[in-house]
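Have a look at the structure below, then the notes.
In UniProt numbering, the protein residues as written are 1 to 311.
What follows is the structure in C-alpha coordinates.
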(Lines of atoms letter the chains of each structure in order from A and count residues from 1; the text may use other names and numbers.)
(Lines give C-alpha, C1' and ligand atoms only; values in the text may rest on other atoms or scores of the structure.)
Protein backbone atom coordinates (compact mmCIF):
# COMPACT_ATOMS: atom_id res chain seq x y z
CA UNK A 1 0.00 0.00 0.00
CA UNK A 2 1.36 3.41 -1.03
CA UNK A 3 1.38 5.75 1.98
CA UNK A 4 3.13 8.78 0.49
CA UNK A 5 0.62 11.41 -0.63
CA UNK A 6 3.11 12.75 -3.18
CA UNK A 7 3.45 9.35 -4.88
CA UNK A 8 -0.33 8.86 -4.79
CA UNK A 9 -0.96 12.22 -6.45
CA UNK A 10 1.69 11.65 -9.12
CA UNK A 11 0.47 8.13 -9.91
CA UNK A 12 -3.16 9.28 -10.03
CA UNK A 13 -2.37 12.05 -12.50
CA UNK A 14 -0.10 9.82 -14.59
CA UNK A 15 -2.73 7.10 -14.84
CA UNK A 16 -5.33 9.73 -15.75
CA UNK A 17 -3.14 11.23 -18.48
CA UNK A 18 -2.07 7.89 -19.92
CA UNK A 19 -5.62 6.54 -19.87
CA UNK A 20 -7.04 9.73 -21.36
CA UNK A 21 -4.39 9.80 -24.08
CA UNK A 22 -5.02 6.19 -25.06
CA UNK A 23 -8.79 6.63 -25.05
CA UNK A 24 -8.62 9.85 -27.08
CA UNK A 25 -6.28 8.21 -29.59
CA UNK A 26 -8.57 5.21 -30.03
CA UNK A 27 -11.69 7.38 -30.26
CA UNK A 28 -10.13 9.77 -32.78
CA UNK A 29 -8.92 6.83 -34.88
CA UNK A 30 -12.40 5.31 -34.80
CA UNK A 31 -14.03 8.63 -35.74
CA UNK A 32 -11.70 9.38 -38.65
CA UNK A 33 -11.35 5.80 -39.91
CA UNK A 34 -14.17 6.10 -42.46
CA UNK A 35 -12.88 9.45 -43.72
CA UNK A 36 -9.34 8.11 -44.05
CA UNK A 37 -10.58 5.05 -45.91
CA UNK A 38 -12.61 7.24 -48.24
CA UNK A 39 -9.63 9.47 -49.05
CA UNK A 40 -7.37 6.46 -49.55
CA UNK A 41 -9.90 4.85 -51.88
CA UNK A 42 -10.25 8.04 -53.94
CA UNK A 43 -6.47 8.35 -54.29
CA UNK A 44 -6.16 4.68 -55.18
CA UNK A 45 -8.97 4.89 -57.74
CA UNK A 46 -7.37 7.91 -59.42
CA UNK A 47 -4.02 6.13 -59.55
CA UNK A 48 -5.67 2.99 -60.94
CA UNK A 49 -7.42 4.97 -63.67
CA UNK A 50 -4.06 6.51 -64.59
CA UNK A 51 -2.60 3.01 -64.96
CA UNK A 52 -5.54 1.95 -67.15
CA UNK A 53 -5.04 5.00 -69.39
CA UNK A 54 -1.34 4.19 -69.71
CA UNK A 55 -2.14 0.70 -70.98
CA UNK A 56 -4.70 2.14 -73.39
CA UNK A 57 -2.24 4.71 -74.71
CA UNK A 58 0.97 2.69 -75.01
CA UNK A 59 1.77 -0.78 -76.29
CA UNK A 60 1.87 -3.52 -73.68
CA UNK A 61 5.66 -3.69 -73.31
CA UNK A 62 6.10 0.07 -73.16
CA UNK A 63 3.27 0.35 -70.67
CA UNK A 64 4.84 -2.36 -68.47
CA UNK A 65 8.16 -0.54 -68.57
CA UNK A 66 6.53 2.80 -67.81
CA UNK A 67 4.59 1.41 -64.85
CA UNK A 68 7.66 -0.36 -63.42
CA UNK A 69 9.51 2.97 -63.21
CA UNK A 70 6.75 5.02 -61.57
CA UNK A 71 7.64 6.77 -58.29
CA UNK A 72 4.22 5.96 -56.84
CA UNK A 73 5.31 2.33 -56.47
CA UNK A 74 6.79 3.27 -53.09
CA UNK A 75 3.21 3.68 -51.82
CA UNK A 76 1.33 1.24 -54.04
CA UNK A 77 1.63 -2.44 -54.91
CA UNK A 78 0.30 -3.49 -58.35
CA UNK A 79 -0.66 -6.96 -59.53
CA UNK A 80 -1.81 -7.60 -63.11
CA UNK A 81 -3.60 -10.94 -63.40
CA UNK A 82 -4.10 -13.11 -66.45
CA UNK A 83 -7.27 -15.10 -66.90
CA UNK A 84 -5.31 -18.18 -65.79
CA UNK A 85 -4.63 -16.66 -62.37
CA UNK A 86 -0.97 -15.86 -63.01
CA UNK A 87 0.12 -12.29 -62.32
CA UNK A 88 2.97 -9.82 -62.60
CA UNK A 89 3.67 -7.51 -59.70
CA UNK A 90 5.13 -4.02 -59.50
CA UNK A 91 6.37 -2.26 -56.42
CA UNK A 92 8.19 -3.26 -53.24
CA UNK A 93 6.26 -4.59 -50.28
CA UNK A 94 8.82 -3.45 -47.64
CA UNK A 95 7.68 -6.20 -45.28
CA UNK A 96 4.00 -5.56 -45.98
CA UNK A 97 1.83 -8.64 -46.43
CA UNK A 98 -0.30 -8.19 -49.57
CA UNK A 99 -4.03 -8.61 -49.29
CA UNK A 100 -5.23 -11.90 -50.81
CA UNK A 101 -7.20 -11.82 -54.06
CA UNK A 102 -9.92 -14.46 -54.22
CA UNK A 103 -11.09 -16.20 -57.38
CA UNK A 104 -14.48 -14.51 -57.03
CA UNK A 105 -12.84 -11.08 -57.01
CA UNK A 106 -10.64 -12.01 -59.98
CA UNK A 107 -13.61 -13.31 -61.99
CA UNK A 108 -15.65 -10.20 -61.21
CA UNK A 109 -12.91 -7.89 -62.49
CA UNK A 110 -12.26 -10.00 -65.62
CA UNK A 111 -15.98 -9.75 -66.34
CA UNK A 112 -15.68 -5.94 -66.30
CA UNK A 113 -16.61 -5.28 -62.68
CA UNK A 114 -14.80 -3.27 -60.02
CA UNK A 115 -13.62 -4.59 -56.65
CA UNK A 116 -12.95 -2.21 -53.76
CA UNK A 117 -12.18 -3.46 -50.26
CA UNK A 118 -10.47 -2.49 -46.98
CA UNK A 119 -9.55 -5.87 -45.49
CA UNK A 120 -7.39 -4.47 -42.66
CA UNK A 121 -9.14 -1.26 -41.64
CA UNK A 122 -7.16 1.87 -42.53
CA UNK A 123 -3.95 -0.07 -43.04
CA UNK A 124 -4.86 -1.57 -46.44
CA UNK A 125 -7.03 -0.49 -49.36
CA UNK A 126 -7.47 -2.93 -52.27
CA UNK A 127 -8.87 -1.92 -55.68
CA UNK A 128 -9.51 -4.17 -58.66
CA UNK A 129 -10.10 -2.72 -62.17
CA UNK A 130 -10.52 -4.36 -65.59
CA UNK A 131 -7.61 -3.73 -67.96
CA UNK A 132 -8.16 -4.15 -71.69
CA UNK A 133 -5.03 -4.68 -73.80
CA UNK A 134 -4.23 -6.03 -77.25
CA UNK A 135 -3.59 -9.37 -75.51
CA UNK A 136 -7.10 -9.46 -74.07
CA UNK A 137 -8.78 -8.41 -70.82
CA UNK A 138 -6.70 -8.55 -67.69
CA UNK A 139 -7.37 -7.70 -64.07
CA UNK A 140 -5.27 -5.08 -62.29
CA UNK A 141 -5.32 -5.05 -58.50
CA UNK A 142 -3.83 -2.05 -56.74
CA UNK A 143 -3.09 -1.97 -53.04
CA UNK A 144 -2.18 1.05 -50.93
CA UNK A 145 0.78 -0.04 -48.81
CA UNK A 146 0.57 2.98 -46.48
CA UNK A 147 -2.24 5.44 -47.14
CA UNK A 148 -0.63 8.92 -46.89
CA UNK A 149 -3.48 10.40 -44.92
CA UNK A 150 -3.71 7.48 -42.50
CA UNK A 151 0.05 7.36 -42.05
CA UNK A 152 0.23 11.09 -41.43
CA UNK A 153 -2.64 11.12 -38.95
CA UNK A 154 -1.30 8.08 -37.12
CA UNK A 155 2.20 9.52 -36.81
CA UNK A 156 0.84 12.91 -35.80
CA UNK A 157 -1.40 11.34 -33.17
CA UNK A 158 1.47 9.28 -31.74
CA UNK A 159 3.77 12.31 -31.60
CA UNK A 160 1.03 14.41 -30.02
CA UNK A 161 0.22 11.71 -27.47
CA UNK A 162 3.89 11.25 -26.57
CA UNK A 163 4.52 14.99 -26.20
CA UNK A 164 1.34 15.39 -24.16
CA UNK A 165 2.36 12.53 -21.87
CA UNK A 166 5.87 13.92 -21.31
CA UNK A 167 4.73 17.51 -20.80
CA UNK A 168 1.84 16.44 -18.58
CA UNK A 169 4.11 14.24 -16.46
CA UNK A 170 6.57 17.09 -15.90
CA UNK A 171 3.79 19.51 -15.00
CA UNK A 172 2.29 16.96 -12.63
CA UNK A 173 5.61 16.42 -10.87
CA UNK A 174 6.01 20.18 -10.34
CA UNK A 175 2.37 20.70 -9.33
CA UNK A 176 2.51 17.79 -6.89
CA UNK A 177 5.45 19.39 -5.09
CA UNK A 178 3.45 22.59 -4.53
CA UNK A 179 0.42 20.54 -3.53
CA UNK A 180 2.17 18.34 -0.97
CA UNK A 181 4.51 20.98 0.50
CA UNK A 182 1.79 22.78 2.55
CA UNK A 183 0.55 19.45 3.87
CA UNK A 184 4.07 18.56 5.02
CA UNK A 185 4.31 21.95 6.75
CA UNK A 186 1.02 21.29 8.52
CA UNK A 187 2.26 17.86 9.61
CA UNK A 188 5.48 19.30 11.07
CA UNK A 189 3.53 22.08 12.80
CA UNK A 190 1.15 19.53 14.33
CA UNK A 191 4.07 17.56 15.76
CA UNK A 192 5.60 20.71 17.28
CA UNK A 193 2.28 21.69 18.84
CA UNK A 194 1.89 18.19 20.26
CA UNK A 195 5.28 18.63 21.95
CA UNK A 196 4.14 21.93 23.50
CA UNK A 197 5.76 24.39 21.08
CA UNK A 198 3.16 26.93 19.91
CA UNK A 199 5.60 29.33 18.23
CA UNK A 200 5.05 27.91 14.75
CA UNK A 201 4.63 29.94 11.55
CA UNK A 202 3.42 28.15 8.43
CA UNK A 203 3.99 30.95 5.87
CA UNK A 204 1.45 29.45 3.45
CA UNK A 205 0.19 32.20 1.14
CA UNK A 206 -2.08 30.12 -1.07
CA UNK A 207 -5.69 31.18 -1.65
CA UNK A 208 -6.95 27.67 -2.33
CA UNK A 209 -8.55 25.22 0.09
CA UNK A 210 -5.08 24.43 1.48
CA UNK A 211 -4.53 28.13 2.17
CA UNK A 212 -7.86 28.31 4.00
CA UNK A 213 -6.91 25.21 5.99
CA UNK A 214 -3.53 26.74 6.88
CA UNK A 215 -5.13 29.99 8.09
CA UNK A 216 -7.66 28.06 10.16
CA UNK A 217 -4.79 26.02 11.58
CA UNK A 218 -2.92 29.20 12.54
CA UNK A 219 -6.05 30.57 14.25
CA UNK A 220 -6.45 27.31 16.15
CA UNK A 221 -2.78 27.43 17.11
CA UNK A 222 -3.18 31.01 18.39
CA UNK A 223 -6.22 29.99 20.45
CA UNK A 224 -4.34 27.02 21.88
CA UNK A 225 -1.43 29.27 22.78
CA UNK A 226 -3.77 31.65 24.64
CA UNK A 227 -5.47 28.72 26.32
CA UNK A 228 -2.13 27.33 27.43
CA UNK A 229 -1.14 30.74 28.80
CA UNK A 230 -4.42 31.00 30.70
CA UNK A 231 -3.94 27.49 32.06
CA UNK A 232 -0.48 28.33 33.36
CA UNK A 233 -1.71 31.54 34.98
CA UNK A 234 -4.63 29.67 36.50
CA UNK A 235 -2.36 26.97 37.93
CA UNK A 236 -0.04 29.64 39.35
CA UNK A 237 -2.91 31.56 40.96
CA UNK A 238 -4.50 28.42 42.37
CA UNK A 239 -1.17 27.25 43.76
CA UNK A 240 -0.72 30.62 45.45
CA UNK A 241 -4.25 30.61 46.85
CA UNK A 242 -3.82 27.08 48.19
CA UNK A 243 -0.35 27.71 49.56
CA UNK A 244 -1.46 30.75 51.60
CA UNK A 245 -3.98 28.95 53.90
CA UNK A 246 -1.73 25.92 54.16
CA UNK A 247 1.07 28.14 55.40
CA UNK A 248 -1.27 29.74 57.95
CA UNK A 249 -2.58 26.38 59.15
CA UNK A 250 0.93 24.95 59.43
CA UNK A 251 2.22 28.02 61.31
CA UNK A 252 -0.63 28.20 63.82
CA UNK A 253 -0.48 24.43 64.37
CA UNK A 254 3.16 24.74 65.38
CA UNK A 255 2.27 27.56 67.75
CA UNK A 256 -0.42 25.42 69.39
CA UNK A 257 2.22 22.86 70.30
CA UNK A 258 3.64 25.32 72.80
CA UNK A 259 2.54 24.62 76.37
CA UNK A 260 2.63 28.17 77.77
CA UNK A 261 -0.32 29.47 75.74
CA UNK A 262 -3.32 30.99 77.40
CA UNK A 263 -6.75 29.58 76.77
CA UNK A 264 -7.75 32.71 74.86
CA UNK A 265 -4.76 32.51 72.51
CA UNK A 266 -5.23 28.82 71.99
CA UNK A 267 -8.91 29.34 71.11
CA UNK A 268 -8.09 32.24 68.75
CA UNK A 269 -5.46 30.17 66.91
CA UNK A 270 -7.86 27.28 66.55
CA UNK A 271 -10.48 29.62 65.10
CA UNK A 272 -7.92 30.83 62.55
CA UNK A 273 -7.06 27.25 61.57
CA UNK A 274 -10.76 26.41 61.21
CA UNK A 275 -11.34 29.54 59.09
CA UNK A 276 -8.42 28.72 56.79
CA UNK A 277 -9.63 25.12 56.48
CA UNK A 278 -13.11 26.37 55.51
CA UNK A 279 -11.47 28.71 53.02
CA UNK A 280 -9.62 25.78 51.44
CA UNK A 281 -12.79 23.70 51.43
CA UNK A 282 -14.70 26.48 49.68
CA UNK A 283 -11.88 26.90 47.17
CA UNK A 284 -11.88 23.17 46.45
CA UNK A 285 -15.66 23.23 46.01
CA UNK A 286 -15.37 26.14 43.56
CA UNK A 287 -12.75 24.26 41.55
CA UNK A 288 -15.01 21.22 41.35
CA UNK A 289 -17.92 23.37 40.19
CA UNK A 290 -15.71 25.04 37.58
CA UNK A 291 -14.55 21.68 36.30
CA UNK A 292 -18.13 20.46 36.18
CA UNK A 293 -19.32 23.49 34.22
CA UNK A 294 -16.43 23.30 31.74
CA UNK A 295 -17.00 19.62 31.04
CA UNK A 296 -20.72 20.19 30.32
CA UNK A 297 -21.16 16.44 30.46
CA UNK A 298 -24.13 16.70 32.81
CA UNK A 299 -26.96 19.13 33.16
CA UNK A 300 -28.39 20.19 36.53
CA UNK A 301 -32.04 19.36 36.97
CA UNK A 302 -33.90 20.86 39.91
CA UNK A 303 -36.71 18.79 41.39
CA UNK A 304 -38.93 19.21 44.43
CA UNK A 305 -38.63 16.54 47.11
CA UNK A 306 -40.60 15.93 50.25
CA UNK A 307 -38.19 15.81 53.18
CA UNK A 308 -40.50 13.76 55.41
CA UNK A 309 -40.45 10.96 52.82
CA UNK A 310 -36.66 11.00 52.68
CA UNK A 311 -36.25 10.65 56.46
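Each residue gets a CB set at the ideal place from its N, CA and C atoms; glycine is no exception.
These figures come from a predicted structure and were not determined experimentally.
- Rounded to the nearest angstrom, the Cβ distance from residue 176 to residue 10 is 5 Å, consistent with a contact under 8 Å.
- DSSP lists 137 as the beta-bridge partner residues of residue 132.
- Residue 109 places its beta carbon 8 Å or farther from that of residue 126.
- Residue state for residue 117 is assigned as strand, using DSSP reduced to three classes.
- Using a 10 angstroms sphere on the CB of residue 235, the tally of other CB atoms stays under 16, which defines it as exposed.
- For the 8 Å CB-CB criterion, residue 76 and residue 145 form a contact.
- In the structure shown, residue 78 falls within a strand segment according to DSSP collapsed to helix, strand and coil.
- Residue 143 carries a strand assignment under DSSP once its states are collapsed to helix, strand and coil.
- In this chain, the alpha helix (DSSP H) harbouring residue 66 covers 60-68.
- Straight-line spacing of the CA atoms in residue 260 and residue 232 works out to 45 Å.
- Of the residues 55, 180, 161 and 221, the one whose Cα lies closest to the Cα of residue 23 is 161.
- Put simply, the backbone Cα of residue 223 is about 10 Å away from that of residue 229.
- Here residue 81 is buried: its Cβ has 16 or more other Cβ atoms, across all protein chains shown, within 10 Å.
- Between the region 42-55 and the region 130-140, the count of Cβ pairs shorter than 8 Å is three or higher; the stretches touch.
- Put simply, the backbone Cα of residue 245 is about 8 Å away from that of residue 279.
- By the Cβ-count criterion, residue 217 is buried, with 16 or more other Cβ atoms from all chains shown falling within 10 Å of its own Cβ.
- In summary, residue 43 is buried, with 16 or more beta-carbon neighbours lying within 10 Å of its beta-carbon over all protein chains present.
- By DSSP's assignment, residue 89 forms a beta bridge with 79.
- With respect to the 8 Å criterion, residue 204 and residue 194 are not classified as neighbours on the basis of their beta carbons.
- Ranked by Cα distance from residue 17, the first of 255, 180, 117 and 170 is 170.
- Excluding five sequence positions before and after residue 272, the CB atoms of its chain that fall closer than 7 Å to its own CB belong to 248 and 252, given in chain order.
- Remark: C-beta atoms of residue 67 and residue 90 approach each other more closely than 8 Å.
- If you draw a straight line from the Cα of residue 139 to the Cα of residue 102, it comes to about 12 Å.
- Cβ-Cβ separation between residue 165 and residue 12: approximately 15 Å, too far for a contact (criterion under 8 Å).
- In the three-state reduction of the DSSP assignment, residue 302 falls in the coil class, being assigned neither a helical nor a strand state.
- In this structure, DSSP gives residue 15 a helical state, which the three-state scheme calls helix.
- As a beta-bridge residue in DSSP terms, residue 127 pairs with 116 and 142.
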